[in-house]
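The structure appears below as structure tokens.
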Amino acid sequence: LDQLREVAGFPIETIFIIGGGVQNEFLCQCTADACGIPVVTGPSEGTALGNIMVQDLAAGKVGSRSEIREIIRNSFQLRTYEPLQTSAWEAAYEKFKKIVQ
1 LDQLREVAGF PIETIFIIGG GVQNEFLCQC TADACGIPVV TGPSEGTALG
51 NIMVQDLAAG KVGSRSEIRE IIRNSFQLRT YEPLQTSAWE AAYEKFKKIV
101 Q
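Read in order, the letters of the sequence shown correspond to residues 1 to 101 in the working numbering.
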């Protein structure tokens, strides 16, 4: 995540997970804990929905990516996992960085 932030050039404050992984609450909570930022899960059919919405955008049925996000947000229940047990993950990450450097 540190490297991704560096390459992106902007802060990454939330991780969004879609697809089958959203059905695994343990995975979603561990991701939030390990990364130290909230994880928001969307629909498990996210890939198909994204494809449909991009086609609607190309056909002029929706006006923007912002409108697509609003449609999805209002059509499906999103769940947020807040980071809880970050200290153990942070310690493990520091050990990992020492090993790979």
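Ideal placement from N, C-alpha and C gives every residue a C-beta, glycine not left out.
Values in this document were obtained by computation on a predicted structure and should not be read as measured data.
Would you say Gln29 and Tyr93 are within 8 Å of each other, going by their C-beta atoms?
-> no
Near Pro43, what residues of its chain come up, given a Cβ to Cβ distance below 7 Å and the 5 sequence neighbours on each side ignored?
-> Ile18, Leu49, Phe76
Which residues mark the beginning and the end of the alpha helix (DSSP H) in which Thr41 is found?
-> Note, Thr41: premise wrong, no alpha helix (DSSP H); beta strand (DSSP E) at 39-41.
Spatial neighbours of Leu84 within its chain, please: CB distance less than 8 Å, with the 5 preceding and 5 following residues excluded, ordered by chain position.
-> Gln29, Ala32, Asp33
Below 6 Å CB to CB, which residues in the same chain sit around Trp108 once its five sequence neighbours on both sides are set aside?
-> Nothing can be reported for residue 108: it is not among the residues displayed for the chain, which extend from 1 to 101.
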